[in-house]
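Residues in the sequence shown are numbered from 1167 upward in steps of one, following the working numbering. The C-beta atom is built at its ideal place from N, Cα and C for all residues, glycine as well. On a predicted model such as this, the values are computed, not experimentally measured, just so you know. What follows is a set of notes on a single structure, which appears directly below.
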Amino acid sequence: TIKHIGSTTGRNITGEILPDCPADPPHLQGSLEISFSNKPGTFDAIAADNPLGKDGGHFQPPFCKARSKVAIIIPFRNRDQHFQYFLHFMLPILQRQQLDFRIYIINQFGSGKFNRAKLMNIGFVEASKDYDFGCFVFHDVDLILENDKCLYTCPNNPRHLSVGVDKFNYRLPYSAIFGGVTELTREQFVKVNGYSNSFWGWGGEDDDMYSRIKTKGMNIMRYSSDISRYKMISHQRERGNEANPERFKMIQKTHQTMNQDGLNTLKYQVVSRDLHPTYTNITVNLFGPS
Ligand code: UD2
Ligand code: MN
């Protein structure tokens, strides 16, 4: 078996020092053909296709030392088929990018109002208990990258990755958008006190994060839309994720509320933590409104 050959120490199993991975990963393919017309494989089939992960889906390049340690945090409830597509398409890409990475599903327990932002805060805290991740990618489960040159590494300012999305004709719907797929380093995320915990239901949490970043004097970076390009798996708005009518008022006050609402006020309970071959599932109780 060739399992367990990645390295957390920068050495291979015989103790030899691995060279740093090149800045330009050599096996990238560029533009990719993504289609949802075939059903995705089962989780077992996906694991068989991607055998190099360690427990909980921690992947590391086998022959070089990765430049980035990346946690991919997916806020989630009841979207198994989307997640199967996600793994099917994204695992090979992330391995070609030669990242030291692990995918976390942060699964909201119960049928109360969905809270995407709070789930992402929990992902940050829980992933940080496992490993010294320096880069956090916050990722909608239904967005699939169409160009593997869009590297999931964190630059020196927060980055918005879902620049071109097919649903929006591959154009930004507004210039301050920060939803979909975003990246922050550990330091950047701590500096803004994480996301708000207070956005229950659909919308606003992404705009709130945009203001947090600006308030703390950072800028948003973006690749161009030919590289930062995604397809969204089509879906309806779920029950429990109805649009939040308070969101417009809330995002006017971000600069006043952000220091008392975020990582420093995060309360939740882990219901279960399950290590799967290609990902980690953490089911959490948010103690939110019903
Ligand atoms: C947009 C944003 C998204 C977020 C949302 C408002 C883009 C491309 N996307 O997405 O990032 O800001 O508006 O909250 O800008 N989810 C579940 N189960 C549910 C509901 C949601 O798993 O029942 C997760 C899943 O990862 C999903 C994400 O939350 O992709 C966002 O929800 P959505 O896809 O329903 O919202 P959408 O497409 O309007
Ligand atoms: Mn969506």
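Between residue 1282 and residue 1228, the CB-CB gap reaches or exceeds 8 Å. By the C-beta density criterion, residue 1353 is exposed, having fewer than 16 other C-beta atoms within 10 angstroms.
Shown here for residue 1176: same chain residues with a beta carbon closer than 8 Å to its own, the five before and five after excluded, namely 1183, 1184, 1231 in chain order. The region 1266-1273 and the region 1282-1294 touch, with no fewer than 3 CB-CB distances between them shorter than 8 Å.
By the criterion of a C-beta distance shorter than 7 Å, residue 1430 is surrounded in its chain by 1359, once the five residues flanking it on both sides are discounted. With respect to the C-alpha of residue 1243, the residue from 1278, 1235, 1422, 1219 having the closest C-alpha is 1278. Not one heavy atom of the ligand UD2 is found less than 7 Å from the C-beta of residue 1326. For residue 1422, no beta strand (DSSP E) run applies; the uninterrupted alpha helix (DSSP H) run containing it begins and ends at 1420-1423, by DSSP. Cβ contact annotation for residue 1437 (same chain, cutoff 7 Å, sequence separation greater than five): 1275, 1449, 1450, 1451, in chain order. Secondary structure at residue 1414: helix, using DSSP grouped into helix, strand and coil. Taken through DSSP and simplified to helix, strand or coil, residue 1323 comes out as coil.
The beta carbons of residue 1311 and residue 1238 sit about 11 Å from each other, so the pair does not count as a contact at 8 Å.
Assignment of alpha helix (DSSP H) within the region 1359-1400, counting only whole runs of 4 or more residues, yields 1371-1381 in chain order.
Here residue 1191 is near residue 1264, since their CB atoms are less than 8 Å apart. Annotation note: the region 1192-1262 contains the following uninterrupted beta strand (DSSP E) runs of length 3 or greater, listed N- to C-terminal: 1235-1242.
Between residue 1428 and residue 1366, the gap from beta carbon to beta carbon reaches 8 Å or more. As computed with DSSP, residue 1445 is found in no beta bridge at all. Contact between residue 1336 and residue 1395 holds: their C-beta atoms lie close to 6 Å from each other, under 8 Å. In terms of CA proximity to residue 1301, 1323 leads the group 1215, 1323, 1284.
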